[in-house]
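> A single structure is presented below for examination.
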Amino acid sequence: MFGIYDIFIILPYLLSLLCIIFAAWFGITHWNKDNTNDQSL
Amino acid sequence: MSTFTLSLIVIGYLLLLAYLGFLGYKKTNTSADYLVGGREMNPIVMALSYGATFISASAIVGFGGVSAAFGMGLQWLCLLNMLVGVVIAFILFGARTRQLGAQLNVSTFPQLLGAHYRSRGIRVFIAAVIFIGMPIYAAVVMKGGAVFLQQIFEIDYHIALLIFTLFIAAYVIAGGMKGVMYTDAMQAVIMFACMFFLLFFFYRTIDMGFTEANRALTDIAPLVPEKFREMGHQGWTRMPVTGSPQWFTLVTSLILGVGIGCLAQPQLVVRFMTVKSTKQLNRGVFIGSLFILVTVGVIYHIGPLTNLYFLKSEGAVATAIVKDIDQIIPYFINRAMPEWFSAIFMLCILSAGMSTLSSQFHTMGSAVGSDIYGSYQSPQKPRRNQTSVVRLGILFAILISYVICYMLPNDIIARGTALFMGVCASAFLPAYFCALYWKRATRRGVLLSLWVGTLSSVFVMLFMHEKESAALGLCQALFGRPVLIEAYPFPLIDPIVYSLPLSVAAIVIGSLMGKRKA
């Protein structure tokens, strides 16, 4: 895939891509979410 | 580009930093402003500052060179820096840290744990580890910045070191956290833009596409130098042989040591306390991740591919052309990139060094001024006086770092970075995690974990991990050999692999056996 044939090299590229997509999704969906009443601390 | 033009660019850059430092000074009125930016920093500034502090010049130049030598396996480090260093750090640690910090009205990492566990001993212990360990780490960055100025302005190294130190000292001492974060954010933008352009220019220079370049790199695997092949190198697009020396270095030192070690860095943790609410942290997750992806992801990708450029232009792979791994990336930039880009890239390296160093100075000063001295000071003392004490603390920390630059040999200073990172991860991470997530952790358990984590880290570095023990020389002097256990793979296993589980066991056992709850 993409000229790289070792899955353990492709994996960090793909996971980095997933990670940045997750970060964007999290940032958008939690843009105005606050947890000021978290009692667990 | 002439030295005159280059000097003008650097002077313009320094003037901009001076202005931002002044802006921080003008907006600093209270000790909370000075230590945590008044807890009202913009999320974009916070995320950029976090990223710029996280990524030092050595992460770009040093690890970029390592990737040129050892291949794309280093992308795991980029992934962990993003996933652990930003996503997990912001979402699982940051939100609770900010909330706990605001509840306890604390402004530093030692104060956070000290106040949570209601222990002055914990606060002072953490501050002391920071104040003893961090100046050696800071000295590495100071030396790197001074060498850069020496080369740009063609001046004496000692004068360069003095100018570099005085400049950062001025805006950190005057501007406090606000000055540091404003300048960090500007430096992060320079780093981001520079790496983005590097990616673009690289593919234009080698005249290949993404897949074509990767395939060409796969095809030149037989050209891996024999000394690297013996260490387990199988080519730049393959992981090293499992269990080989290179595999142990990559997996335990780089991926585990650096990737996980970043979670308990005091200069990063304190940034979570600079924003007003959790939603500000949520907004910073994407910016922080994108910054890491572009800065380190690009250089760890370009690094191995430089072998194609060197093979085409000079007839051999990178490590055959440039013997010093740290010099591969600067050499490549000077040879392959447009002249004006080389100047901008140098500015990027200067930014990476200065942003890390300014945060180190601020953290060390806070440790000695606010956490150690402040814990023995009367609470009745006026707040303004506390800020002055922290300023004096920063000055004191800078002086010590400056002296270390002259006192300790280079190899010991370089190992000092690993030592500090290792101690931070092993000693602080269990206590920090439990403060946020485990209510049964007790003062006794935390103190035991801090001591076990610190001492086991130092012991492994002095007597077991060859990179540090050989440089420090104590094991050789006492036992006549560089490491206590010479059987493979023990000399290659990073200290965090031993000391972090020990520290975790200590906090669990110490807390469950103790009677007093924190």
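So the sequence lines, in the order shown, correspond to chains A and B.
Heads up: take any position in the first sequence, counting from 1, add 171, and you land on the numbering used here.
Heads up: take any position in the second sequence, counting from 1, add 580, and you land on the numbering used here.
In this text, a Cβ means the ideal position worked out from N, Cα and C, and glycines have one as well.
With DSSP as the reference, label Glu919(B) as helix, strand or coil.
In the second sequence, counting from the first residue as 1, residue 919(B) sits at position 339. Of the three classes helix, strand and coil, the one that applies to Glu919(B) here is helix, per DSSP.
> For Ile671(B), go through chain A and note every residue whose CB falls closer than 9 Å to its CB, in chain order.
On the second sequence, position 91 is the one that residue 671(B) refers to. Those are Phe197 and His201, listed as they occur along chain A.
> Would you please verify whether the beta carbon of Phe866(B) is less than 8 Å from any beta carbon of chain A?
Within the second sequence, the letter at position 286 stands for residue 866(B). True, the Cβ-Cβ gap to chain A drops below 8 Å.
> Do the CB positions of Ser1091(B) and Ala1021(B) come within less than 8 Å of each other?
Reading the second sequence from its first residue, position 511 is the one you call residue 1091(B). Reading the second sequence from its first residue, position 441 is the one you call residue 1021(B). Contact: yes.
> Within the same chain, show all residues whose beta-carbon is closer than 6 Å to that of Lys1097(B), passing over the 5 residues directly before and after it, in chain order.
The sequence position of residue 1097(B) within the second sequence is 517, counting from 1. Summary for Lys1097(B): the model assigns pLDDT 49, below 50, so the residue's position carries little reliability, and this model does not support an answer.
> Take every Cβ of the region 863–876 of chain B, pair it with every Cβ of the region 759–779 of chain B, and state whether three or more of those distances are shorter than 8 Å.
They touch, by the three-pair rule.
> Inspect the beta-carbon positions of Met714(B) and Phe179(A) and report whether they are closer than 8 Å.
Residue numbering aside, residue 714(B) sits at position 134 when the second sequence is read from its first letter. Residue numbering aside, residue 179(A) sits at position 8 when the first sequence is read from its first letter. Going by C-beta atoms, Met714(B) is not nearer than 8 Å to Phe179(A).
> How far does the alpha helix (DSSP H) with Ile800(B) in it extend, from its first residue to its last?
As a position in the second sequence, residue 800(B) is number 220, starting the count at 1. Premise fails: Ile800(B) is in no alpha helix (DSSP H) and is neither H nor E.
> For Gly945(B), which residues from the same chain have a beta carbon less than 6 Å from its beta carbon, with the 5 sequence-adjacent residues on both sides left out?
In the second sequence, the residue the question calls residue 945(B) occupies position 365. Val970, Gly973, Ile974 and Ala977, listed in sequence order.
> From Ile680(B) to Cys1055(B), what distance separates their C-alpha atoms?
In the second sequence, residue 680(B) corresponds to position 100, counting from 1. In the second sequence, residue 1055(B) corresponds to position 475, counting from 1. Note on residue identity: the sequence assigns Leu, not Ile, to residue 680(B). Looking at the two C-alpha atoms, the distance is approximately 42 Å.
> Along the chain, where does the alpha helix (DSSP H) containing Val1077(B) start, and where does it finish?
Working through the second sequence from its first residue, we reach residue 1077(B) at position 497. Segment Pro1075 to Met1093, the alpha helix (DSSP H) holding Val1077(B).
> Can you name the residues of chain A whose CB is closer than 7 Å to the CB of Ser573(B)?
Nothing can be reported for residue 573(B), as the shown portion of chain B is limited to 581 through 1098.
> Quick one: give me the first and last residue of the alpha helix (DSSP H) that Arg1023(B) is part of.
Numbered from 1 along the second sequence, position 443 holds the residue referred to as residue 1023(B). Element bounds for Arg1023(B): Arg1023 to Phe1043.
> From this set, Ile753(B), Gly933(B) and Val865(B), which residue's C-alpha is nearest Thr608(B)'s C-alpha?
Within the second sequence, numbered from 1, the residue matching residue 608(B) stands at position 28. Ranking Ile753(B), Gly933(B) and Val865(B) by Cα distance to Thr608(B) puts Ile753(B) first.
> Three Cβ pairs or more, each shorter than 8 Å: is that satisfied between the region 704–711 of chain B and the region 894–907 of chain B?
Verdict: no, contact absent.
> Roughly how many angstroms separate the alpha carbons of Ser1036(B) and Ser1079(B), rounded to a whole number?
Within the second sequence, the letter at position 456 stands for residue 1036(B). Within the second sequence, the letter at position 499 stands for residue 1079(B). Taking the straight line from one Cα to the other gives about 5 Å.
> Which residues mark the beginning and the end of the alpha helix (DSSP H) in which Leu848(B) is found?
As a working mapping, residue 848(B) is identified with position 268 in the second sequence. Element bounds for Leu848(B): Pro846 to Val849.
> For the alpha helix (DSSP H) containing His813(B), name the first residue and the last one.
Residue 813(B) sits at position 233 when you count from the first residue of the second sequence. Careful: His813(B) lies outside any alpha helix (DSSP H) and carries neither H nor E.
> Mind checking the region 908–930 of chain B against chain A and listing, in chain order, the residues whose C-beta falls within less than 9 Å of any C-beta there?
Answer set for the region 908–930 of chain B: empty.
> Scan the region 782–795 of chain B for residues whose Cβ lies nearer than 8 Å to a Cβ of chain A and list them as they occur along the chain.
Within the region 782–795 of chain B, the residues whose Cβ lies closer than 8 Å to some Cβ of chain A are Phe790, Thr791, Glu792, Ala793, Asn794 and Arg795, listed in chain order.
> At the 8 Å Cβ level, is Ala1098(B) part of the contact set with chain A, yes or no?
Along the second sequence, read from residue 1 onward, the residue named residue 1098(B) stands at position 518. Its pLDDT being 46, under 50, Ala1098(B) is placed unreliably in this model, and the value from its coordinates should be taken loosely. Chain A, which has no Cβ nearer than 8 Å to the Cβ of Ala1098(B), makes this no.
> Under the rule that 16 or more other beta-carbon atoms within 10 Å means buried, what is Arg698(B), buried or exposed?
For the purposes of this step, residue 698(B) is taken as residue 118 along the second sequence, with counting starting at 1. Its Cβ having fewer than 16 others within 10 Å, Arg698(B) is exposed.
> Asn685(B) versus chain A: which residues are under 8 Å apart at the beta carbon?
Working through the second sequence from its first residue, we reach residue 685(B) at position 105. None at all; the shortest Cβ gap to chain A is about 14 Å.
> Determine whether the Cβ of Met626(B) lies closer than 8 Å to any Cβ atom of chain A.
Sequence index remark: in the second sequence, residue 626(B) carries index 46 (1-based). Met626(B) does not count as touching chain A.
> Taking 8 Å as the CB-CB cut-off, is Trp656(B) touching chain A?
Translated into the one-based positions of the second sequence, residue 656(B) becomes position 76. At least one chain A Cβ lies under 8 Å of Trp656(B).
> Ends of the alpha helix (DSSP H) at Lys563(B)?
The question about residue 563(B) has no answer, for chain B in this structure spans 581 to 1098.
> Beta-carbon separation of Tyr614(B) and Leu848(B) under 8 Å?
The residue you call residue 614(B) lines up with position 34 of the second sequence. The residue you call residue 848(B) lines up with position 268 of the second sequence. No. Outside cutoff.
> Could you work out which residues of chain A lie near Val667(B), taking near to mean beta carbons separated by less than 8 Å?
As a first step, residue 667(B) is located in the second sequence; it is residue number 87 there, counting from the start. Residues of chain A passing the Cβ test: Cys190, Phe193, Ala194 and Phe197.
> Alpha carbon to alpha carbon, how far is Thr1034(B) from Trp827(B)?
Working through the second sequence from its first residue, we reach residue 1034(B) at position 454. Working through the second sequence from its first residue, we reach residue 827(B) at position 247. Each residue's alpha carbon lies about 26 Å from the other.
> For Ala896(B), does the three-state DSSP call read helix, strand or coil?
Here residue 896(B) is taken as the residue at index 316 of the second sequence, counted from 1. Note: Ala896(B) maps to coil in three-state DSSP.
> Using a Cβ-Cβ distance cut-off of 8 Å, determine whether Lys859(B) contacts chain A.
Taking the second sequence and counting its residues from 1, the one referred to as residue 859(B) is at position 279. True, the Cβ-Cβ gap to chain A drops below 8 Å.
> With distances taken between CB atoms, is the gap from Gly174(A) to Arg784(B) smaller than 8 Å?
In the first sequence, the residue the question calls residue 174(A) occupies position 3. In the second sequence, the residue the question calls residue 784(B) occupies position 204. No, these two residues do not count as a Cβ contact at 8 Å.
> Which class does Tyr621(B) belong to by DSSP, given the choice of helix, strand or coil?
Translated into positions along the second sequence, residue 621(B) becomes position 41. It should be pointed out that residue 621(B) corresponds to Met in this sequence rather than to Tyr. Note: Met621(B) maps to coil in three-state DSSP.
> Over the uninterrupted alpha helix (DSSP H) stretch that includes Leu745(B), give me the two end residues.
Residue 745(B) sits at position 165 when you count from the first residue of the second sequence. At residue 745(B) the sequence reads Thr, which differs from the Leu that was named. Residues Tyr737 to Ile786.
> In three-state DSSP terms, what is Arg809(B)?
In the second sequence, counting from the first residue as 1, residue 809(B) sits at position 229. In this structure, Arg809(B) counts as helix in the three-state DSSP scheme.
> Who are the Cβ neighbours of Asn914(B) in its own chain at under 8 Å, not counting the five residues just before and after it?
For the purposes of this step, residue 914(B) is identified with residue 334 of the second sequence, where counting begins at 1. Hits under 8 Å: Ser922.
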